[in-house]
Amino acid sequence: MVNLTRKNWVIGNWKLNPYFQDAQKLFQDINNQYIAQPELQQCQVAIASPSIYLSFFVAQNYRIPSVAQDVSIISGTGAYTGEISADLLKHSHIDYVLIGHSERRELFGDDIKKIQKKIQNSLQAGLTIIYCVGESLAEREAGHANQIVLQQLDDLKTVLSTEDWSKILIAYEPIWAIGTGKTASPEDAQQM
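Each residue of the sequence shown is one higher than the last, beginning at 0 in numbering that gives the first Met the number 0.
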């Protein structure tokens, strides 16, 4: 039986920022605040930093987990320049990975086949997946928000078992609010 209890997560996706010294200080400050303020621990805080910093942050034994921003469609190891496999992440003590982020879909061609492969490889490696879903401003204004997000979830049915869903965190990404001047409220996220 799947446990339907959920814990709220706050994940800071640093994207391609900042430089190392600033990243080191920021991660340490966030970690210290998380420890110092017990009320913050009602939710899980995590940081998705650039991959070049992941091993360093893991070595610091912070209470806040490090999240990989992406993972390769390639499993294991091999002659694949620039790729980081789910196995390599797991062996580097990374337990979480973002998959399906809108920027990966739009800018780097992560279609549903690639996303499904990344999810399969990540599950086989023992990673927990943070699966990003969301709709564009045009889709939202056309009244298709729920349909788009449900389709993004439905796209995983063919590769996930009932048990696999317990290893997936769903992250609502209000794409419609990115760079549009519109703001997503907590109610918008909760409604989705």
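In this text, a Cβ means the ideal position worked out from N, Cα and C, and glycines have one as well.
Computed from a predicted structure; not experimentally measured.
Going by alpha carbons, who is nearest to residue i out of the options?
i, options, result
"Lys116", "Ser48, Gly178 and Thr157", "Thr157"
"Tyr61", "Lys113, Ile34, Asn145 and Asp163", "Ile34"
"Phe56", "Gln23, Gln40, Asn31 and Asp28", "Gln23"
"Ala137", "Leu25, Ile114, Pro173 and Gly125", "Pro173"
Pick helix, strand or coil for residue i, following the three-state DSSP scheme.
i, result
"Leu159", "coil"
"Tyr130", "strand"
"Ser65", "strand"
"Gln190", "helix"
"Val1", "Its pLDDT being 49, under 50, Val1 is placed unreliably by the model, and nothing is read from it."
"Ile51", "helix"
"Ala141", "coil"
In chain order, what residues of the same chain have a beta carbon less than 7 angstroms from the beta carbon of residue i, not counting five sequence neighbours either side?
i, result
"Thr166", "In the sequence under discussion, the amino acid at residue 166 is Lys, which differs from the Thr named in the question. Excluding sequence neighbours, Lys166 sits near Leu122, Thr127 and Ile128."
"Leu53", "Ser65, Ala67, Ser91 and Ile93"
At which residues does the beta strand (DSSP E) containing residue i begin and terminate?
i, result
"Leu97", "Tyr95 to Ile98"
Give me the DSSP bridge partner(s) of residue i.
i, result
"Tyr171", "Val132"
"Trp8", "Gln43"
Along the alpha helix (DSSP H) that carries residue i, what are the first and last residues, could you check?
i, result
"Glu102", "Ser101 to Phe107"
"Tyr33", "Phe19 to Ala35"
"Ser121", "Ile111 to Ala124"
"Ala85", "Ala85 to His90"
Going along the chain, which residues of its own chain have a beta-carbon closer than 6 angstroms to the beta-carbon of residue i, five neighbours each way excluded?
i, result
"Gly99", "Ile114, Tyr130 and Cys131"
Looking only at its chain, what residues have a beta carbon closer than 8 angstroms to the beta carbon of residue i, apart from the 5 residues adjacent to it on each side?
i, result
"Gly11", "Ile29, Val44, Ala45, Ile46 and Ala47"
"Ala124", "Ser74, Ser84, Ala85, Asp86, Leu88 and Lys89"
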